[in-house]
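These protein sequence lines are chains A and B, in that order.
Counting with this note's numbering, you get residues 15 to 190 for the letters of the first sequence.
Counting with this note's numbering, you get residues 1347 to 1679 for the letters of the second sequence.
Yeah, the Cβ is synthetic: ideal placement off N, Cα and C, and Gly gets one too.
Fair warning: this is a prediction, and the values are worked out from it, not measured in the lab.
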Amino acid sequence: MAIALNPIAPSTAGQAENSASKVAVPITLRINNKECRLRIDPRTTLLDCIREAAALTGTKKGCDHGQCGACTVHVNGRRVLSCLSLALLHDGEEVTTVEGLGTPEAMHPMQAAFLACDAYQCGYCTSGQIMSAVALLSEPCGPDDAAVKELMSGNICRCGAYANIVAAIQQVRKRA
Amino acid sequence: MHIFEFTRPSDPAAAIKATAQSKTAQQGAEARFLGGGTTLIDLMKLNVETPSRVLDINRLPLDKIEDTPDGGLKIGATVRNSDLANNPRVLRDYSVLSQAILSGASAQIRNMATTAGNLLQRTRCVYFRDTAMPCNKREPGSGCSAITGSNRTMAILGTSDHCIATNPSDMCVAMAALEATIHVQGPKGMRAIPIGDFHLLPADTPNHETVLEPGDLITHVTLPPPVSGSRHFYLKLRDRASYEFALASAAVVMNLDGENVRYIRIALGGVGTKPWRSAEAEAALTGQPASAANFRQAAEAALRNAKAQSENKFKIELAKRCLVHALRMAATA
Chain A
15 MAIALNPIAP
25 STAGQAENSA
35 SKVAVPITLR
45 INNKECRLRI
55 DPRTTLLDCI
65 REAAALTGTK
75 KGCDHGQCGA
85 CTVHVNGRRV
95 LSCLSLALLH
105 DGEEVTTVEG
115 LGTPEAMHPM
125 QAAFLACDAY
135 QCGYCTSGQI
145 MSAVALLSEP
155 CGPDDAAVKE
165 LMSGNICRCG
175 AYANIVAAIQ
185 QVRKRA
Chain B
1347 MHIFEFTRPS
1357 DPAAAIKATA
1367 QSKTAQQGAE
1377 ARFLGGGTTL
1387 IDLMKLNVET
1397 PSRVLDINRL
1407 PLDKIEDTPD
1417 GGLKIGATVR
1427 NSDLANNPRV
1437 LRDYSVLSQA
1447 ILSGASAQIR
1457 NMATTAGNLL
1467 QRTRCVYFRD
1477 TAMPCNKREP
1487 GSGCSAITGS
1497 NRTMAILGTS
1507 DHCIATNPSD
1517 MCVAMAALEA
1527 TIHVQGPKGM
1537 RAIPIGDFHL
1547 LPADTPNHET
1557 VLEPGDLITH
1567 VTLPPPVSGS
1577 RHFYLKLRDR
1587 ASYEFALASA
1597 AVVMNLDGEN
1607 VRYIRIALGG
1617 VGTKPWRSAE
1627 AEAALTGQPA
1637 SAANFRQAAE
1647 AALRNAKAQS
1657 ENKFKIELAK
1667 RCLVHALRMA
1677 ATA
């Protein structure tokens, strides 16, 4: 299914002469198994493209400088920071966001574990945490909590839900 | 972020041709090759980098890790840091490189960051990143805000009166200890640059960080054949346990002959204006017993020319202890 959405002016766009409409370029992303044909300003980050152009707001903007991990998504199955990547770099590639993992009725096991372990408080970092945690399942990672903490260090949680996040991840790993 | 033209060169020659007429490949370059983007996109958002042309090199055929005929390793420019760190040959023969990469950044960033991009990683100096502040690296002649400002994390080796910014890379420190060679294709052909000659000291032109010229494209890095029986160790000390830049780090490649040090390569991170190979520390240890006293002597030699700023005197002793501990860990590995 092809979805055509409107071009957007990214939040990073500045002066009027830099207006997006003059420079918008086409891009096709496969987001959560749906083909999205978009027109974007070349400056649009993958994060802004996902949120504004594709209207998937589960992915969050925290620091917008690669320091917090809230914007973590999967590109071709690997976790990346969507705020530090231009959308254009990923033309034709496969993007998975938290919306592509599961639904409230049929949650991904990691989403269910976060719920069961109370692995969040305000929830703002949670989609990034879950996207990182799901990727971790297929990465080289030792069995102990320390290894999980090291590989999750790129996702900051200001509420301090870390202990329960580790517990949720370990619960999924033990059942796998 | 300033507007730019985005293109995807079809091969290295096209990438080189498209950038060869630029005025500079250093700070202020109007054309930039884009790899993982973890440095460049960040700095473009801050308007520290304002290229009018961005060339996507991610789809060039530079993404392989291959054995070289002499038993060394060839690492393509766009090999991701996570793939390099987890490569079986790197884990087996060049483990200091794997350790260094895995100690840096986060899993997400390592999945994005490339080998060539890491070689060109820019300083985290807060004044360089803030266009409201004077900075000789960003704007030559404007002054150095760090020398009279917040300088706790700044460099203590290789500084000048014009710049004290620290090189933040972990990967480069391990590559310095492994004596890597950087291969560049440019308008005049190919050339091979030892990593020790690749990064420049700030001196009075801190805006010139490497020997790269307009049109130069890093194609790959080679590592010499591994020194058989060598022990590798990378130690990184920082303000928090993970996802933080080094205050001091040490890469050690050591070969023992009985109790004596037969072969030793030492490089330091977090303390230098470039990845800091210490010939002085190596000379102090070569042929000597691998003892605590000699390790300390080597560390003293490595930091002999260190110059502290108002807030970072602690880094001199921290770097010494970091190296001593790394040497001890390597010797007993």
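Please go through the same chain and pick out, in chain order, the residues whose beta-carbon is closer than 6 angstroms to the beta-carbon of A:Gln29, but skip the five residues on each side of it.
Below a pLDDT of 50, predicted positions are generally treated as unreliable, and A:Gln29, at 43, falls in that range; no measurement from the model is reported.
Proximity below 8 angstroms, CB of B:Lys1620 to CB of B:Leu1547
yes
What whole-angstrom Cβ distance do A:Lys75 and A:Cys97 have, given they're in contact under 8 angstroms?
7 angstroms
What separation, rounded to the nearest whole angstrom, lies between the Cα atoms of B:Arg1470 and B:Gly1604?
42 angstroms
Rounded C-alpha distance that separates A:Pro157 from A:Ala182
14 angstroms
Assuming A:Ala127 and A:Gln185 make a contact with CB atoms under 8 angstroms, what is their CB distance in whole Å?
5 angstroms
Take A:Thr73 and list the residues in its own chain whose beta-carbon comes closer than 7 angstroms to its own, dropping the five residues that flank it on each side.
Leu61, Ile64, Arg65, Cys85, Val87, Ser96, Thr111, Val112, Ser141
Please name the residue in B:Leu1631, B:Asn1651, B:Ala1652, B:Lys1653 whose C-alpha comes closest to that of B:Gln1643.
B:Leu1631
So with Cβ pairs under 8 angstroms, would you call A:His122 a contact of chain B?
no
With a threshold of 8 angstroms between beta carbons, is B:Phe1474 in contact with chain A?
no
From B:Arg1667 to B:Ser1496, what does the alpha carbon distance come to, in whole angstroms?
24 angstroms
Please report the distance separating the alpha-carbon of B:Gln1373 from that of B:Arg1475.
12 angstroms
Drop a sphere of 10 angstroms on the beta-carbon of B:Arg1378, count the other beta-carbons inside from all chains shown, and report buried for 16 or more, exposed for fewer.
buried
Could you check what DSSP says for B:Arg1456 in three-state terms: helix, strand or coil?
helix
Nearest to B:Ala1680 by CA position, among B:Ala1629, B:Phe1660, B:Leu1614, is which residue?
It is not possible to answer for residue 1680 of chain B, since the shown part of chain B is limited to 1347 through 1679.
Go ahead and pull the three-state DSSP assignment for B:Arg1586.
coil
On the three-state DSSP scale, how would you describe B:Arg1435?
helix
Three-way DSSP call (helix, strand, coil) for B:Asp1507 in this model
coil
Opening and closing residue of the alpha helix (DSSP H) in which A:Cys171 lies:
Taken as a continuous stretch (DSSP letters only), A:Cys171 belongs to no alpha helix (DSSP H), as it is neither H nor E.
At 7 angstroms on the CB atoms, spell out the chain B contacts of A:Arg92, in chain order.
Asn1457
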